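2 protein chains.
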Amino acid sequence: MTKPVQINQSLRAWMDVFMHRSMRGWNQFAKSTGLSMPQFSILMQLHYKGVCGLSEISERFDVSAAAASQLAEKLVQSGYLERAEDPSDRRAKLLRLSSSGEKLVSEGIQERYRWMDEVTSKLSTEDSAKVAEALNILTNAAREMDTRKGNT
Amino acid sequence: MTKPVQINQSLRAWMDVFMHRSMRGWNQFAKSTGLSMPQFSILMQLHYKGVCGLSEISERFDVSAAAASQLAEKLVQSGYLERAEDPSDRRAKLLRLSSSGEKLVSEGIQERYRWMDEVTSKLSTEDSAKVAEALNILTNAAREMDTRKGNT
DNA sequence: GTATACAGTTAAGCTCGCTTAACTAAAAAG
DNA sequence: CTTTTTAGTTAAGCGAGCTTAACTGTATAC
Numbered sequence: 046m047t048k049p050v051q052i053n054q055s056l057r058a059w060m061d062v063f064m065h066r067s068m069r070g071w072n073q074f075a076k077s078t079g080l081s082m083p084q085f086s087i088l089m090q091l092h093y094k095g096v097c098g099l100s101e102i103s104e105r106f107d108v109s110a111a112a113a114s115q116l117a118e119k120l121v122q123s124g125y126l127e128r129a130e131d132p133s134d135r136r137a138k139l140l141r142l143s144s145s146g147e148k149l150v151s152e153g154i155q156e157r158y159r160w161m162d163e164v165t166s167k168l169s170t171e172d173s174a175k176v177a178e179a180l181n182i183l184t185n186a187a188r189e190m191d192t193r194k195g196n197t
Numbered sequence: 046m047t048k049p050v051q052i053n054q055s056l057r058a059w060m061d062v063f064m065h066r067s068m069r070g071w072n073q074f075a076k077s078t079g080l081s082m083p084q085f086s087i088l089m090q091l092h093y094k095g096v097c098g099l100s101e102i103s104e105r106f107d108v109s110a111a112a113a114s115q116l117a118e119k120l121v122q123s124g125y126l127e128r129a130e131d132p133s134d135r136r137a138k139l140l141r142l143s144s145s146g147e148k149l150v151s152e153g154i155q156e157r158y159r160w161m162d163e164v165t166s167k168l169s170t171e172d173s174a175k176v177a178e179a180l181n182i183l184t185n186a187a188r189e190m191d192t193r194k195g196n197t
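Just so you know, the protein sequences line up as chains U and X, in that order. Each position in the first sequence, counted from 1, maps to that position plus 45 in the numbering used here. Each position in the second sequence, counted from 1, maps to that position plus 45 in the numbering used here.
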């Protein structure tokens, strides 16, 4: 607790640079695929969760069940999503990415990695090691916090 | 160049966690303000650039001049933006955040900091120092790369 | 076994962001 | 000085996302 100011400043500076940059790339990619942000966000969600019901979607994005249903329908039509009946509850539907949906999302993520790779490619071996270690610390701390709170 | 795999993995893991989380907070905040994402994005852009013309907006977000003009008009009406004539070119308009616009954006950024602060608050003093150093390295590398390429 | 709650769908209607097209006014080019 | 570009505005119209309301079918409560 000796240097809370230092780490907070570093965090803020980094977040500013990183978010400013990644938001732009994000929008550009979504636009290039022809998908809207809401549609793309659903694909991303499925990418992380693997599979989930429509009600989870409507909760997560804070929209009505009707809106979630309509969005999902379009993504199914486009071939990015598969919608199957939940065997344990025949009211519910299980959504998951199709292979082309998975491919699309992966490409989007890949593209966002590219800038970061470019940034780190200029670092010295020593700095690379430091950065890698620090990011592992951060990632673990974030995951731990999320699981403790039950977030996903 | 001895550990490119290690740093790339660390970067990817961190980006996944961070982006997943921050996208959500971002959307929630925009929604809570009653502003749409395009509107909020413009405010963010102005926050970083300080001042810019409409043509820069339409370029940055890849929309027509008409769209940019309409979006800006709404933000002016809402009191978040000030639109003044450019004294050096009387065709152009200079956009900048009003005080209430600046306040709104700051709150949004603040809110996104909160999660990060929570994550780092649990770190040991030693880890904090490591993370702070690493983030400074990254921030400098990113800024240097952007200025070299003329990005903003 | 009936009543209630839940998961999802469908339709009507609204708002919003976006585009094109037509226009004004100022700067730059010739 | 005339022509052409550039910066921005306005209007009409389209498509997307969202909401509410009405509805189907399934699970849960009592």
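Beta carbons: idealized from backbone N, C-alpha and C, even for Gly. All values derive from a computational prediction rather than experimental measurement.
Item to check | Coarse secondary structure for valine 50 of chain X, derived from DSSP in three states | outcome: Translated into the one-based positions of the second sequence, residue 50 of chain X becomes position 5. The answer is helix: DSSP assigns valine 50 of chain X an H, G or I state.
Checklist entry - What's the gap between the Cα of arginine 20 of chain U and the Cα of histidine 92 of chain U? => result Only positions 46 to 197 of chain U appear in the structure, and residue 20 of chain U is not among them; the question remains open.
Checklist entry - At which residue ranges does the stretch 104 to 161 of chain X contain complete beta strand (DSSP E) runs of 3 or more residues, listed in the order of the chain? => result 126 to 131 and 134 to 142
Checklist entry - Does the Cβ-Cβ distance between leucine 168 of chain U and tryptophan 59 of chain X come in under 9 Å? => result Reading the first sequence from its first residue, position 123 is the one you call residue 168 of chain U. Reading the second sequence from its first residue, position 14 is the one you call residue 59 of chain X. No, the Cβ-Cβ distance between leucine 168 of chain U and tryptophan 59 of chain X is not below 9 Å.
Checklist entry - Should alanine 58 of chain X be flagged as near chain U, meaning a C-beta pair shorter than 9 Å? => result Translated into positions along the second sequence, residue 58 of chain X becomes position 13. Closer than 9 Å to some Cβ of chain U, the Cβ of alanine 58 of chain X qualifies, so yes.
Checklist entry - Closest Cβ-Cβ distance between glutamate 163 of chain X and chain U: below 9 Å? => result Taking the first residue of the second sequence as 1, we reach residue 163 of chain X at position 118. Yes, because at least one Cβ of chain U sits closer than 9 Å to the Cβ of glutamate 163 of chain X.
Checklist entry - Considering serine 86 of chain U, what are the terminal residues of the alpha helix (DSSP H) in which it resides? => result Counting from one through the first sequence, the residue named residue 86 of chain U turns up at place 41. Start and end: 82 to 94.
Next on the checklist: I want to verify the contact list: residues of chain U whose CB lies under 9 Å from the CB of lysine 167 of chain X, in sequence order.
Outcome noted: Within the second sequence, the letter at position 122 stands for residue 167 of chain X. Near lysine 167 of chain X (Cβ distances below 9 Å), the residues of chain U are Ala186, Glu189 and Met190.
Item to check | Within-9 Å CB hit, lysine 119 of chain U to chain X | outcome: Working through the first sequence from its first residue, we reach residue 119 of chain U at position 74. False, the Cβ-Cβ gap to chain X never drops below 9 Å.
Next on the checklist: Taking its Cβ as the centre, do 16 or more other Cβ atoms sit within 10 Å of valine 277 of chain X, making it buried, or is it exposed?
Outcome noted: No information on residue 277 of chain X is available, as it lies outside the stretch 46 to 197 that chain X covers here.
Item to check | Residue range of the alpha helix (DSSP H) that includes lysine 167 of chain U | outcome: Against the first sequence, residue 167 of chain U aligns to sequence position 122. Note, lysine 167 of chain U: premise wrong, no alpha helix (DSSP H); not H, not E.
Item to check | tyrosine 125 of chain U vs leucine 180 of chain U beta-carbon contact at 9 Å | outcome: Translated into positions along the first sequence, residue 125 of chain U becomes position 80. Translated into positions along the first sequence, residue 180 of chain U becomes position 135. For tyrosine 125 of chain U and leucine 180 of chain U, no; Cβs fall outside 9 Å.
Next on the checklist: Strictly below 9 Å CB to CB, what residues from chain X border arginine 157 of chain U?
Outcome noted: Stepping through the first sequence from its first residue, residue 157 of chain U is reached at position 112. Neighbours of arginine 157 of chain U on chain X, chain order: Met60 and Met64.
Checklist entry - In chain U, which residues lie less than 7 Å from isoleucine 87 of chain X when you measure between Cβ atoms? => result To locate residue 87 of chain X, count along the second sequence from 1; it is residue 42. Correct list: empty, because the minimum Cβ distance to chain U is about 12 Å.
Checklist entry - Whose C-alpha, out of X:Thr165, X:Val108, X:Thr192 and X:Glu189, is nearest the C-alpha of arginine 57 of chain U? => result For this step, residue 57 of chain U is matched to residue 12 along the first sequence. It is X:Thr165.
Item to check | Contact between the stretch 58 to 76 of chain X and the stretch 100 to 117 of chain X (3+ Cβ pairs under 8 Å) | outcome: no
Next on the checklist: Could you check whether the Cβ of isoleucine 154 of chain X sits closer than 9 Å to any Cβ belonging to chain U?
Outcome noted: Here residue 154 of chain X refers to the residue found at position 109 of the second sequence. Yes, its Cβ sits closer than 9 Å to a Cβ of chain U.
Checklist entry - Using 9 Å as the limit for Cβ to Cβ distance, is phenylalanine 179 of chain U near chain X? => result Stepping through the first sequence from its first residue, residue 179 of chain U is reached at position 134. Before going further, note that residue 179 of chain U is alanine rather than phenylalanine in the sequence given. Chain X, which has a Cβ nearer than 9 Å to the Cβ of alanine 179 of chain U, makes this yes.
Item to check | Rounded Cβ spacing between leucine 120 of chain X and glutamine 90 of chain X (contact assumed at less than 8 Å) | outcome: Within the second sequence, numbered from 1, the residue matching residue 120 of chain X stands at position 75. Within the second sequence, numbered from 1, the residue matching residue 90 of chain X stands at position 45. Contact flag wrong, Cβ pair sits at about 11 Å.
Checklist entry - Just by C-beta distance, which residues in the stretch 75 to 86 of chain X are closer than 9 Å to chain U? => result Lys76, Met82 and Ser86
Checklist entry - Any beta-carbon of chain U closer than 9 Å to the one on isoleucine 102 of chain X? => result Locating residue 102 of chain X in the second sequence gives position 57, where the first residue counts as 1. So, not an interface residue.
Item to check | Exposure of threonine 47 of chain X, with buried meaning 16 or more beta-carbon neighbours within 10 Å | outcome: Here residue 47 of chain X refers to the residue found at position 2 of the second sequence. Below a pLDDT of 50, predicted positions are generally treated as unreliable, and threonine 47 of chain X, at 49, falls in that range; the measurement from the model is reported next regardless. Threonine 47 of chain X is exposed by the Cβ-count criterion.
Next on the checklist: Please classify glycine 79 of chain U as buried or exposed, where buried requires at least 16 other C-beta atoms within 10 Å of its C-beta.
Outcome noted: Here residue 79 of chain U refers to the residue found at position 34 of the first sequence. The residue is exposed, with fewer than 16 neighbouring Cβ atoms inside 10 Å.
Next on the checklist: Only counting the same chain, and skipping five residues up and downstream in sequence, which positions put a Cβ closer than 6 Å to that of methionine 82 of chain X?
Outcome noted: Looking up residue 82 of chain X in the second sequence gives position 37. Same-chain partners within the cutoff: Ala75.
Item to check | Burial state of isoleucine 52 of chain X, where buried means 16 or more other Cβ atoms lie within 10 Å | outcome: Residue numbering aside, residue 52 of chain X sits at position 7 when the second sequence is read from its first letter. Buried is the call here.
Checklist entry - Thinking C-alpha only, which one of X:Glu178, X:Glu189 and X:Ser100 is nearest aspartate 131 of chain X? => result In the second sequence, residue 131 of chain X corresponds to position 86, counting from 1. Of the listed residues, the one whose Cα sits closest to aspartate 131 of chain X is X:Ser100.
Next on the checklist: Spatial neighbours of leucine 149 of chain X within its chain, please: C-beta separation below 7 Å, excluding the five flanking residues on both sides.
Outcome noted: Residue 149 of chain X sits at position 104 when you count from the first residue of the second sequence. Correct list, in chain order: Thr78, Leu88 and Tyr125.
Checklist entry - Within 9 Å (strictly less), CB to CB, does arginine 134 of chain X reach chain U? => result Here residue 134 of chain X corresponds to residue number 89 of the second sequence, with the count starting at 1. It is worth fixing the name first, because residue 134 of chain X is aspartate in this sequence and not arginine. Chain U, which has no Cβ nearer than 9 Å to the Cβ of aspartate 134 of chain X, makes this no.
Item to check | Cβ neighbour criterion (16 or more within 10 Å) applied to lysine 175 of chain U | outcome: The residue you call residue 175 of chain U lines up with position 130 of the first sequence. Buried, by the Cβ-count rule.
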